[in-house]
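I have placed the structure first, in the form of structure tokens, so that the comments after it can refer back to it.
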Amino acid sequence: MALNESESGLNAVDVLNLLALFLLAVVVAFFHRELGTEASWLLWVFAFLVVFVLTAARLALWRPLWQAIHDFSPVLLVPVIFLTLGSIIDCASPGRWDVTFGELDERLFAELPRLWRGVLGRSSWFVDVVSLAYVSYYFVAVIVPVLLYHRGLRGDFRRSVFTLTLTFYASFVGYFMFPTLGPRTPPEEAQLVGGAVSQGVRLFIELAERTRTDAFPSGHTAVALVSLSLAWQLSGRVFAALLPIVAGIIFSTVYLHYHYVVDIVAGAGLAAGCVWLGPHLQALLEPHEMLRRVAVHLGMR
């Protein structure tokens, strides 16, 4: 049996995923009238994901392939959950914070946002390079966990996956609390900058990031910095290799008009909080530890 697994095969990451699905289902049920027929579809998606988590955890106890699927299940769960958030946020939090955060950018950072977005005069080749940096975010989150998994460091692997998953969900909470579109440029203007690479990236973002009110906090910044922190704990070489990639991701978020600077600051704060909280929360959510505490509370031990 793998490290810190209960007899059902569940671990702390599973519990975190199940909690997230439960809370989202509650929100959908509460706003079912506003969501209309979409509410039923969303609940079916969440139910399917719950069954997937429970099934993968159980089969992982006996089958190596399912153990790998179970270990990397957040790679499926987190993107699917993200894709469902758009309409739920629109119903639960119809207000927008763009005016507030735009004014904060002007007050706190003065000319920095304008200078940031004008680096190298927005040369076409540079916009293409920065666009590639932006989408590298989709791979950064899995680099450290894959390396830990390959090296057989199961405990470190579980901690990295839990902390990264927690970071994603914490950023989702921010989207509900402060729904923000970000300083996005109109599609017709966006086509005037960059080359074919930039246009391809923008098309990919339109398809992959269906939830639009996801600017505050910057999930790109938070996840990238958490990955960098985990890389530092793993190896100086991995950290050095990841550092320019993470720097490029953070730079791209403002340069490409997806985020305000305050989004980046909030994302950095979120990353620091998740790196600190992750190990403590993981210990609390381990099923065997939860059962032990219940047994102690009931006077069974």
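Going by this note's numbering, the first residue of the sequence shown is number 23, and it counts up by one from there. Ideal placement from N, C-alpha and C gives every residue a C-beta, glycine not left out. As the structure is a computational prediction, the values presented were derived from the model and not from experiment.
Using DSSP with H/G/I as helix, E/B as strand and the rest coil, what is residue 141? Note: residue 141 maps to helix in three-state DSSP.
Which runs of the beta strand (DSSP E) at least 3 residues long sit entirely within the stretch 98 to 155? Give them in chain order. Runs found: none.
Taking just the CA atoms, how far does residue 216 sit from residue 274? 13 angstroms
Which runs of the alpha helix (DSSP H) fall wholly inside the stretch 182 to 257 and span at least 4 residues, in chain order? With a minimum length of 4 residues, the continuous alpha helix (DSSP H) runs that stay inside the stretch 182 to 257 are 209 to 212, 218 to 230 and 241 to 256.
Could you give the distance in angstroms between the alpha-carbon of residue 97 and the alpha-carbon of residue 133? 38 angstroms
Residues near residue 293 in its chain [Cβ-Cβ closer than 6 angstroms; skip 5 each side]: 244, 247 and 248
Rounded to a whole number of angstroms, what is the C-alpha to C-alpha distance between residue 213 and residue 32? In this predicted model, residue 213 has a pLDDT of only 49, less than 50, meaning its place in the structure is not dependable; the value taken from the coordinates is given anyway. Between residue 213 and residue 32, the C-alpha separation is close to 47 angstroms.
According to DSSP, is residue 274 part of a helix, a strand, or is it coil? helix
With a 10 Å radius around its C-beta and 16 neighbouring C-beta atoms as the bar for buried, classify residue 59 as buried or exposed. Residue environment: residue 59 is assigned as exposed (fewer than 16 neighbouring CB atoms within 10 Å of its CB, all protein chains considered).
Beta-carbon proximity check, residue 102 vs residue 67, cutoff 9 angstroms: yes
Quick check: the stretch 256 to 268 against the stretch 154 to 165, are at least 3 beta-carbon pairs closer than 8 angstroms? With a cut-off of 8 angstroms, the stretch 256 to 268 and the stretch 154 to 165 count as touching, because enough Cβ pairs lie within range.
Using the Cβ count rule (16 or more neighbours within 10 Å means buried), how would you classify residue 42? buried
Can you tell me which of the three DSSP states residue 33 falls into? coil
How far does the alpha helix (DSSP H) with residue 54 in it extend, from its first residue to its last? 54 to 57
Assess contact between the stretch 99 to 116 and the stretch 229 to 236, defined as three or more Cβ pairs (one per stretch) separated by less than 8 angstroms. Is contact present? Yes, the stretch 99 to 116 touches the stretch 229 to 236.
Is there contact here, the stretch 131 to 145 with the stretch 269 to 287, by at least three beta-carbon pairs under 8 angstroms? These segments touch.
Member of 298, 250, 306 and 56 whose CA lies at the smallest distance from the CA of residue 159: 250
For residue 44, which of 56, 57 and 73 has the nearest alpha-carbon? 73
Runs of 4 residues minimum, wholly inside the stretch 277 to 308: which ones carry the alpha helix (DSSP H) assignment? 283 to 307
Keeping to the same chain, check which residues put their C-beta closer than 8 angstroms to that of residue 65; ignore five residues upstream and five downstream. 47, 50 and 51.
Buried or exposed by the 16-neighbour rule on C-beta atoms within 10 Å, applied to residue 225: Residue environment: residue 225 is assigned as exposed (fewer than 16 neighbouring CB atoms within 10 Å of its CB, all protein chains considered).
Out of 145, 156, 71 and 296, which one is the CA nearest neighbour of residue 100? When only C-alpha atoms are compared, the closest one is 71.
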